[in-house]
Amino acid sequence: MSQLFFVEVQADSTLTGDVQEKLSTAFRTIMKLREYRVEVEDFRFDAMPKGDSSSFGDYLLQIHYSGDKGLQGDYFEVSSLLFALLKWPGNRHGVIVDYWIFTSTDLEDRQSTESLDSCPFESLERVLDRMNHARQDVAI
């Protein structure tokens with residue numbers, strides 16, 4: 691089953707320079723170390739808009755994942771990749787301090803209604819709109 695996971699990521703504040711590229715390099719490295727288990731087809735980091743108080747993360751990570759473990763198993767596999775990036779006393783080389791897997795989309799369902807001739811990633815604006823709608827739905 692092919693999924694597109696949407697993850698808000700908070701980068702470590704000690705990262706300098708091109709933080710987006712450093713996050714991509716770190717994720718690519720972890721992905722290659724675990725590719726025997728985790729079927730990540732592609733991924734993309736987008737910087738979150740400045741001044742957006744509704745999100746806690748600095749970056750939006752979209753992960754194109756094709757697994758066969760069912761949604762819960764796929765979610766666990768993606769979480770294991772993100773956990774490897776976390777900075778904590780046991781992993782001082784981590785590049786993120788927090789993450790939130792916001793949602794996922796089944797790409798097979800999406801293919802029937804949208805063209806996927808190009809990259810399967812969604813635009814940042816569309817994902818932010820989705821996030822805002824979800825937050826309004828759960829707001830008390």
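If you want my numbering, it's the position in the sequence shown, counting the first as 1, plus 690. Heads up, the beta-carbon is just placed ideally off N, CA and C, and yes, glycines get one too. Fair warning: this is a prediction, and the values are worked out from it, not measured in the lab.
| Query | Result |
| --- | --- |
| Does residue 747 pass the burial test, meaning 16 or more other C-beta atoms within 10 Å, or should it be called exposed? | buried |
| If distances are taken between C-alpha atoms only, which option among 727, 772 and 818 comes closest to residue 717? | 772 |
| Around the Cβ of residue 692, are there at least 16 other Cβ atoms within 10 angstroms (buried) or fewer (exposed)? | buried |
| Using CA atoms only, rank isn't needed, just tell me which of 730, 770, 783 and 750 is closest to residue 834. | Residue coverage of the chain in this structure runs from 691 to 830, which leaves residue 834 outside it and unanswerable. |
| Could you give the DSSP three-state label for residue 732: helix, strand or coil? | strand |
| Could you compute how far the alpha carbon of residue 737 sits from the alpha carbon of residue 769? | 20 Å |
| Can you tell me the Cα-Cα spacing of residue 774 and residue 784, whole angstroms? | 7 Å |
| Apply the 10 Å Cβ neighbour rule to residue 764 and answer buried if 16 or more other Cβ atoms are within range, or exposed otherwise. | buried |
| So, with DSSP's three-state summary, where would you put residue 709? | helix |
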